[in-house]
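If you read the sequence shown in our numbering, its first letter stands for residue 43, the second for the next number, and so on.
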Amino acid sequence: MTGVAPTADEARIARAVLPTTAPRAELLQVWTGPYEGVPPWDKVTAPKLREAILEGIELRRAEINAIADNPEPASFANTLVAMQMAGEPQGRAMAVFGVMTSNIGSAEYQDLAREVSPLLSAASDETTFNERLFARIKSVADNAAAMGLTAEQTRLAERSRDSFIRNGAALDAAGKAELGRINTALSNAFTSFGQKVVEDEKTWTHIPNEAGVAGLPASNKAAAAAAAQAHGLSGWAINNTRSSVDPFLSFADDRALREQVWKKFVNRGDNGDANDTNATIAQIVDLRQQRAKLLGFTNHAEWRMQDTMAKTPAAAMELMERVWAPAKARVAEEVADMKAIAGHDIEPWDYLYYAEKVRKAKYDLDQNEMKPYLELNNVKRGAFYMAERLYGFTFHKITDGSVPVFHPDVEVFEVRNKADGSHVGLFYSDDFARSGKRSGAWATTYRSYSTYDGVKNVLASNNNNFIKAASGPLLISLDDAETLFHEFGHALHSLSSQVRYPALAGTPRDYVEYPSQVHEHWVLSRPIIDGFLKHVETGQPMPQALVEKIEAAATFNQGYTTVSYLSSALVDMDLHTQATPPTDIDAFERDSLNRLGMPKEIVMRHRLPQFNHLFTSDAYSAGYYSYLWSEVMDADTWAYFEESGDVFNPDIGARYKAIILAEGNTTDRAEAYRRFRGRNPDVTALLKVRGFPTS
């Protein structure tokens, strides 16, 4: 029996296995400066980043070979812990690369992405296909009990072994060569897809006359004027991104212009030009099917869902179908209400516009009544307050320039534990849209918490696409405020982490959205309304009458919201469970929606030609259902807080942090939910939140 190394010795044993070659490239060096070291954004250029990535690949290759060729018998420390350490310099370069390609996205970074993406894919395959390395990992995992490994060490070893197998480590030489070819081709296609969509989002609709922006709130008109100015135009411009398009579709009185803006938006990637993505999608789904078959699976969805809570496409479909029927029924009711006001059939470019009219008629509620209470900085302060009340975190803006940023718009906050003032990490906030930045909202972590090699603090970030006001305060919509709290939930998940090994920090795809989604509920909690949602001019908190109107309308338009999202998730699963991948993507999308009985008044939230979640990586492919899977837990969790009589219940908050957030993936997440809630999640909570029948 090989005794497991005491944890204090793990890092020392692992470090001794690895080569001692110091990296040469500037962007591979250990981060220096305050707060345990920060990314050197002020020194980043595309050529320096290229140099770092290429050298980083070589350094990691040498480290992997040293682990694989170690003459000592395989142990947890000299194999699994050494694997945790391998590629640290490359990891620093890749954190920078992710930001420069997603948040800056200039031509030079797009060129760099096209060059290095296939090289990174090939290097990853080389590690997975290393037979000597896999034999060592398998030996540790298979003999965990005899080696005296802890439950956490056993989980890491077994998950590593299973991941290697899932990604082709057990294939023969010919199979590995074929899988390598597929993965490299996919990497190229993912990069191409993302860049084409970004190019289509750089377009806009020019509106020269004020009549074209009639009905728009003052804040949206000002943003459209600023956008026109940025394009060197007079008048107004609606950029081809959701943050510009949705307000226009909700409020602009000019129906023909709404149709024009809507068509430009839903046809991103689908215009038969150089940025058309249909052929790229067909290539991706074909390559995915080839890979699934090679690895012994019926289809891509079956392969992708091995390491999820749902486990199978059938389980995901069962949940989606349970919600789809009541959602469609609700859409029929919403459309009837709108037709009564419009006096004509409702087209997709009418839906948001007439929904606002119905909201006003039914609930005497106008979205624009809310906006003066939703100033961006106040909403952020409300999110910080939520984190303080629930988890004891405080946020302190860094204004002395000691922390470099990648764009002047980025704000940085130090995060501390309120109880003792101790340092937790940094939070980077990049709120505004810019040309080249990818659309949507997302969270990233530049450095994750771990303790196996000394305590590492957390560098977390949120990235939004609010349209910057030319001057004065920026007013956002309630939907925007909920998005901000959602992404902040991801950051809180990272900041709460207490895992020993970084490889156990990430959670299953259909769990990862749960901690972000549940935090949306606190936006309109009473303490946040009273303390932070104050009128931008008068400073008065949102009046109770308005709060009551918002609460009365809480399930308003849930048919639209659910069907637009769920149609995207259902088509994703349909696409990735086909025995023969389609070649005509537009026809497949049309036929899939027809099979579902998609209401003609609504379009998918993400049509396939612009569906970044599915086609810029494998991450959400056959996994867009995960938002709904997570929402079952999120709605059930919110019900738990509400039923306690205090939505900031300190005991529930402390247990949520300790069990749901801090543990990462060190234990089974379904079992963790049962420990937190005392039972499995109940889907009826989700149906109630959405206002659908629960029987």
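Note that CB positions come from ideal geometry on N, CA and C, so glycine has one too. Predicted model, so just to flag it, every value in this text is computed and none were measured.
- Whole angstroms is fine: what's the gap from Ala-357's alpha carbon to Arg-364's? Their backbone Cα atoms lie some 11 Å apart in a straight line.
- Task: Can you tell me the Cβ-Cβ gap for Leu-228 and Ile-326, rounded? I've got them flagged as a contact below 8 Å.
- Result: 6 Å
- Task: List the endpoints of the continuous alpha helix (DSSP H) containing Asn-262.
- Result: 260-272
- Query: Span of the beta strand (DSSP E) holding Glu-456?
  - Reply: 453-459
- Using a threshold of 8 Å, state whether the C-beta atoms of Tyr-556 and Asp-676 are closer than that. yes
- Message: I'd like to know if the segment 369-378 and the segment 591-610 are in contact, where contact means that at least 3 CB-CB pairs between them fall below 8 Å.
- Response: yes
- Message: By alpha-carbon positions, which one of Trp-671, Leu-728 and Arg-632 ends up nearest to Asp-678?
- Response: Leu-728
- Task: Give the secondary structure of Val-255 by DSSP, where H, G and I count as helix, E and B as strand, and everything else as coil.
- Result: helix
- Out of Ile-701, Ser-181 and Ser-163, state which residue places its alpha-carbon closest to the alpha-carbon of Arg-223. Residue Ser-163 is the option with its Cα nearest to Arg-223.
- Check each candidate in Lys-404, Val-303 and Lys-399 and name the one with the smallest Cα separation from Ala-594. Here the closest residue by C-alpha is Lys-404.
- Residue span of the beta strand (DSSP E) that contains Ser-503, given as start and end: 500-508
- Can you tell me whether DSSP reads Ile-280 as helix, strand or coil? Judged by DSSP in its simplified three-state form, Ile-280 adopts strand.
- Have a look at Leu-70 and Val-138 and give me their C-alpha separation to the nearest angstrom. 10 Å
- Message: Using only the alpha-carbon positions, how far apart do Met-125 and Arg-208 sit?
- Response: When rounded, the separation of the alpha-carbon atoms in Met-125 and Arg-208 is 18 Å.
- Start and end residues, beta strand (DSSP E) containing Val-466: 465-474
- Message: Please report the distance separating the alpha-carbon of Ser-567 from that of His-577.
- Response: 16 Å
- Message: According to DSSP, simplified to helix, strand and coil, what is Ala-110?
- Response: Here Ala-110 sits in helix by DSSP.
- Beta-carbon spacing of Asn-506, Gly-467 below 8 Å: no
- Nearest to Trp-304 by CA position, among Phe-437, Ala-269 and Leu-394, is which residue? Leu-394
- Beta-carbon proximity list for Phe-718, same chain, < 7 Å, skipping 5 on both sides: Arg-697, Tyr-698, Ile-701 and Ile-702
- Message: Does the segment 289-303 come into contact with the segment 194-205, if we say contact requires no fewer than three beta-carbon pairs (one atom in each stretch) closer than 8 Å?
- Response: no
- Item | Strand pairing of Leu-517, partner residues [DSSP] | Answer is Glu-417.
- Query: Based on Cα-Cα distance, which residue from Phe-171, Arg-178 and Glu-241 lies nearest to Ala-23?
  - Reply: Residue coverage of the chain in this structure runs from 43 to 737, which leaves residue 23 outside it and unanswerable.
- Item | Pairwise C-alpha distance: Gly-147 and Ala-279 | 21 Å
- Message: What does the alpha-carbon distance come out to for the pair Val-141 and Pro-735?
- Response: Those two C-alpha atoms are separated by around 43 Å.
- C-beta atoms of Pro-550 and Arg-711 nearer than 8 Å: Yes, Cβ-Cβ distance for Pro-550 and Arg-711 is below 8 Å.
- Query: Taking just the CA atoms, how far does Val-182 sit from Met-189?
  - Reply: Answer to the nearest angstrom: the Cα atoms are 8 Å apart.
- Would the beta-carbon of Ser-609 fall within 8 Å of that of Met-584? no
- Identity of the residue in Glu-417, Arg-310, Ala-268 and Asp-451 nearest Asn-145 by Cα: Asp-451
- Message: At the level of alpha carbons, what is the spacing between Val-80 and Glu-130?
- Response: 14 Å
- Query: Of the residues Asp-328, Ala-135, Phe-290 and Leu-60, which one's Cα is nearest the Cα of Asp-626?
  - Reply: With distances taken between Cα atoms, Asp-626 lies closest to Asp-328.
- Could you name the residues of the same chain whose beta carbon sits closer than 6 Å to that of Val-731, not counting the 5 residues immediately before and after it, in chain order? Ala-677
- Query: Going by DSSP, which residues form a beta bridge with Trp-246?
  - Reply: Answer by DSSP bridge pairing, in chain order: Asn-281.
- Task: Determine the burial state of Arg-54: buried for a count of at least 16 other Cβ atoms within 10 Å of its Cβ, exposed for fewer.
- Result: exposed
- If you drop the 5 nearest sequence neighbours on each side, which residues of the same chain put their C-beta closer than 7 Å to that of Glu-411? Leu-588
- Message: Quick check on the burial criterion: 16 or more other C-beta atoms within 10 angstroms. Buried or exposed for Arg-330?
- Response: buried
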